[in-house]
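Counting in my numbering, the sequence shown runs from 978 upward without gaps.
All C-beta atoms, glycine included, are put in the ideal place defined by N, C-alpha and C.
The structure displayed is predicted, hence computed values, not measured ones.
Taking it in order: structure first as structure tokens, then the write-up.
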Amino acid sequence: MKKRFSFELAARIKHLPPYLFASIDKMKQDAIRKGTDLIDLSIGDPDIPTPAKIVKAMKKAVENPAHHRYPSYEGMISFREAVARWYKTRFRVALDPKSEVLSLIGSKEGIGHIPLAFVNPGDTVLVPSPGYPVYPIGTLFAGGQSHMMPLKEENGFLPELDRIPQKVLRQSKLMFLNYPNNPTSAVAPRAFFEEAVGTAFRHNIVVCHDASYTEIYYDRKPLSFMQIPGAKDIGIEFHSLSKTYNMTGWRIGFAVGNREVLAGLGKVKTNLDSGVFQAVQEAAVTALDMDTAELSGIRDTYRERRDILYSGLKKLGMNLIKPQATFYLWVKVPAPFDSMGFVTHMLNKAGVLATPGNGFGASGEGYVRFALTASAGKINEAVGRLRRIL
Ligand SMILES: *Cc1c(COP(=O)(O)O)cnc(C)c1O
978 MKKRFSFELA ARIKHLPPYL FASIDKMKQD AIRKGTDLID LSIGDPDIPT
1028 PAKIVKAMKK AVENPAHHRY PSYEGMISFR EAVARWYKTR FRVALDPKSE
1078 VLSLIGSKEG IGHIPLAFVN PGDTVLVPSP GYPVYPIGTL FAGGQSHMMP
1128 LKEENGFLPE LDRIPQKVLR QSKLMFLNYP NNPTSAVAPR AFFEEAVGTA
1178 FRHNIVVCHD ASYTEIYYDR KPLSFMQIPG AKDIGIEFHS LSKTYNMTGW
1228 RIGFAVGNRE VLAGLGKVKT NLDSGVFQAV QEAAVTALDM DTAELSGIRD
1278 TYRERRDILY SGLKKLGMNL IKPQATFYLW VKVPAPFDSM GFVTHMLNKA
1328 GVLATPGNGF GASGEGYVRF ALTASAGKIN EAVGRLRRIL
């Protein structure tokens, strides 16, 4: 008998549902193959190019052989200083670039890895639902279990921290938060962040605040969690150049805040990756040093799109809140549909693709998310097509 070679997926990935955006991508490819003229409002990836100034800095940096070698693990000091300057200018938050800033290969990398630093098998992590799928998956990979914190419309899509059972709080090592929020577009008031600092402090829970969308706002500038007194004692904040500067493909982000927490994450990273290409870090310095007024054009573009989609959907009788930040609209699914049913209906009948809310966790069921990552003309056309099917 000849031996047959065989192998199996590890349990930790074997039973994972396919990554939400991968299965949406498949639906999308199928529709395109069938000849659908698709308007894709499903993915949170800006369609606007990276500002020319940043691209130019990259071109220059890539010519420098000093950048062709392994980068430093924690990021070039010039990059970490630029992050500290940016926090000072934007949020009036002082950071020590040497110990309170860490470079990341996109914030997703840091978010996915942090449970490995602080979660033992069996430990609990507090995770918002709906939320970015990497929070529960990173937890699972570390052997931890997620305790879902439902984000409900009647609470402004903020978790009710005082309703988390004491036993759960005692077992919790980390709490993920994300404001401005993907997918609900909610912005957290200062009082909520203060409550989170208090809860975390009482129960020794490290807060990991994901601040990817603080620069995509329409009227009032959102807060950084680091602006809250005590925040640096109990947590860190993840940030990214992806959404702010249309740099999703470049893979650079950073974490700031509590130095011991950052050192824990850094210890995982030094054992797994070798940092961010230095030419990308150089370009990121140029980005972070840009006058914030230079970003107002990007915000104006999203504002115009938001207004078209918001008023269009309102006129169709849809139930939604006007976003004050992020480039997402979180929309209640009309009867008799569920999230996936409504997404499929829109795709098949109107060629408009949105994301089913349940893909962000069970509490997202009953909603769909539209991303403002197509031109105003396309969004207008999407509204017109939806008018015909609703
Ligand atoms: C886009 C996004 C990120 C990831 O950004 P990268 O820096 O590109 O990895 C993190 N969190 C949320 C909520 C996001 O929407």
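Run through DSSP, which three-state label would Leu1306 get? On the sequence shown, residue 1306 is found 329 positions in, with the first residue counted as 1. Leu1306 falls in the strand class under three-state DSSP.
Okay, do the stretch 1046 to 1060 and the stretch 1246 to 1264 touch, 3+ Cβ pairs below 8 Å being the bar? Cβ pair count under 8 Å is three or more, so yes.
Can you name the start and end residues of the beta strand (DSSP E) that Met1101 belongs to? For the purposes of this step, residue 1101 is taken as residue 124 along the sequence shown, with counting starting at 1. According to the sequence displayed, residue 1101 carries Thr and not Met. Taken as a continuous stretch (DSSP letters only), the beta strand (DSSP E) holding Thr1101 covers Thr1101 to Ser1106.
Between the stretch 1146 to 1156 and the stretch 1180 to 1190, are three or more C-beta pairs nearer than 8 Å? yes
Identify which residue in Thr1013, Lys980, Gln1204 and Val1078 has its Cα closest to the Cα of Arg1069. For the purposes of this step, residue 1069 is taken as the residue at position 92 of the sequence shown. Nearest option by C-alpha distance: Gln1204.
With H, G and I counted as helix, E and B as strand and the rest as coil, what does DSSP make of Phe1153? Working through the sequence shown from its first residue, we reach residue 1153 at position 176. The three-state secondary structure of Phe1153, taken from DSSP, is strand.
Indicate whether at least one CB of chain B lies closer than 8 Å to the CB of Val1345. Reference to chain B is not applicable here, since this structure consists of a single protein chain.
Beta-carbon separation of Met1126 and Val1104 under 8 Å? Here residue 1126 refers to the residue found at position 149 of the sequence shown. Here residue 1104 refers to the residue found at position 127 of the sequence shown. With contacts defined as CB atoms closer than 8 Å, Met1126 and Val1104 qualify as a contacting pair.
Looking at C-beta atoms only, is the number of pairs between the stretch 1235 to 1249 and the stretch 1258 to 1266 that lie closer than 8 Å three or more? no
Would you kindly report the start and end of the unbroken alpha helix (DSSP H) that includes Tyr1112? Within the sequence shown, the letter at position 135 stands for residue 1112. It spans Val1111 to Phe1118 - the alpha helix (DSSP H) in which Tyr1112 sits, taken as one unbroken run.
Could you tell me which residues DSSP pairs with Tyr1279 in its beta bridges? Taking the sequence shown and counting its residues from 1, one reaches residue 1279 at position 302. Answer is none; Tyr1279 lacks a bridge partner.
With the cut-off set at 8 Å, would you say Ser1251 and Pro1048 are in Cβ contact? As a position in the sequence shown, residue 1251 is number 274, starting the count at 1. As a position in the sequence shown, residue 1048 is number 71, starting the count at 1. When the beta-carbon positions are compared, Ser1251 and Pro1048 come within less than 8 Å of each other.
Whose C-alpha, out of Gly1121, Thr1321, Ile1141 and Leu1079, is nearest the C-alpha of Ile1092? Numbered from its first residue, the sequence shown carries residue 1092 at position 115. Here residue 1092 is Pro; the residue named in the question, Ile, does not match the sequence. It is Gly1121.
Rounded to a whole number of angstroms, what is the C-alpha to C-alpha distance between Glu1281 and Asn1357? Along the sequence shown, one-based indexing puts residue 1281 at 304. Along the sequence shown, one-based indexing puts residue 1357 at 380. Near 11 Å, if we compare the C-alpha coordinates of Asn1357 and Glu1281.
Residue burial classification, Phe1231 (beta-carbon count within 10 angstroms, cutoff 16): In the sequence shown, residue 1231 corresponds to position 254, counting from 1. It is buried - the Cβ of Phe1231 has at least 16 other Cβ atoms within 10 Å.
My parser needs the beta strand (DSSP E) runs of 3 or more residues fully inside the stretch 1297 to 1359; what are they? 1305 to 1309 and 1344 to 1348
Is Ala1232 helix, strand or coil when you go by DSSP? By one-based count along the sequence shown, residue 1232 stands at place 255. Under the three-state reduction of DSSP, Ala1232 is assigned to strand.
Where Tyr1194 sits in the DSSP three-state scheme: As a position in the sequence shown, residue 1194 is number 217, starting the count at 1. DSSP places Tyr1194 in strand when its eight states are reduced to three.
To which residues of the same chain is Ser1076 closer than 6 Å at the C-beta, ignoring the five residues directly before and after it? Translated into the one-based positions of the sequence shown, residue 1076 becomes position 99. Once the five neighbours on either side are set aside, the close Cβ partners of Ser1076 are Arg1236.
When you compare each of Ala1163, Lys1198, Asp1017 and Leu1363 to Thr1066 by their alpha carbons, which one comes out closest? Taking the sequence shown and counting its residues from 1, the one referred to as residue 1066 is at position 89. Of the listed residues, the one whose Cα sits closest to Thr1066 is Lys1198.
Where Ser1288 sits in the DSSP three-state scheme: Indexing the sequence shown from 1 puts residue 1288 at position 311. The answer is helix: DSSP assigns Ser1288 an H, G or I state.
Quick one: using the 10 Å Cβ neighbour count with 16 as the cut-off for buried, is Thr1303 buried or exposed? Looking up residue 1303 in the sequence shown gives position 326. Its Cβ being crowded by 16 or more others within 10 Å, Thr1303 is buried.
Flag Ser1084 as yes when its Cβ comes closer than 7 Å to any non-hydrogen atom of ligand 1, and as no otherwise. As a working note, residue 1084 is residue 107 in the sequence shown. At a threshold of 7 Å, Ser1084 counts as near ligand 1, since its beta carbon sits closer than that to one of the ligand's heavy atoms.
Whole-angstrom distance between Arg1362 and Thr1013, CA atom to CA atom: Position 36 of the sequence shown holds residue 1013. Position 385 of the sequence shown holds residue 1362. About 13 Å.
For ligand 1, I want to know if Gly1021 counts as a neighbour, meaning its beta carbon is within less than 7 Å of at least one of the ligand's heavy atoms. Within the sequence shown, residue 1021 is the residue found at index 44, counting from 1. Because some heavy atom of ligand 1 lies under 7 Å away, the Cβ of Gly1021 counts as near it: yes.
Can you give me the C-alpha to C-alpha distance between Lys1011 and Tyr1050, rounded to a whole angstrom? Counting from one through the sequence shown, the residue named residue 1011 turns up at place 34. Counting from one through the sequence shown, the residue named residue 1050 turns up at place 73. In a straight line, the C-alpha of Lys1011 is about 47 Å away from that of Tyr1050.
Close-in-space but distant-in-sequence residues of the same chain around Ala1351 (CB under 7 Å, 5 per side omitted): Translated into positions along the sequence shown, residue 1351 becomes position 374. Answer for Ala1351: Ile1016, Asp1017, Leu1018 and Asp1024, listed in chain order.
What is the DSSP secondary structure of Asp1073, reduced to helix, strand or coil? Your numbering for residue 1073 matches position 96 in the sequence shown. Three-state DSSP puts Asp1073 in coil, outside helix and strand.
Residues near Gly1343 in its chain [Cβ-Cβ closer than 6 Å; skip 5 each side]: Counting from 1 along the sequence shown, the entry for residue 1343 is found at position 366. Cβ neighbours of Gly1343 beyond the five flanking positions: Val1310.
According to DSSP, simplified to helix, strand and coil, what is Met1203? If you number the sequence shown from 1, residue 1203 lands on position 226. In this structure, DSSP gives Met1203 a helical state, which the three-state scheme calls helix.
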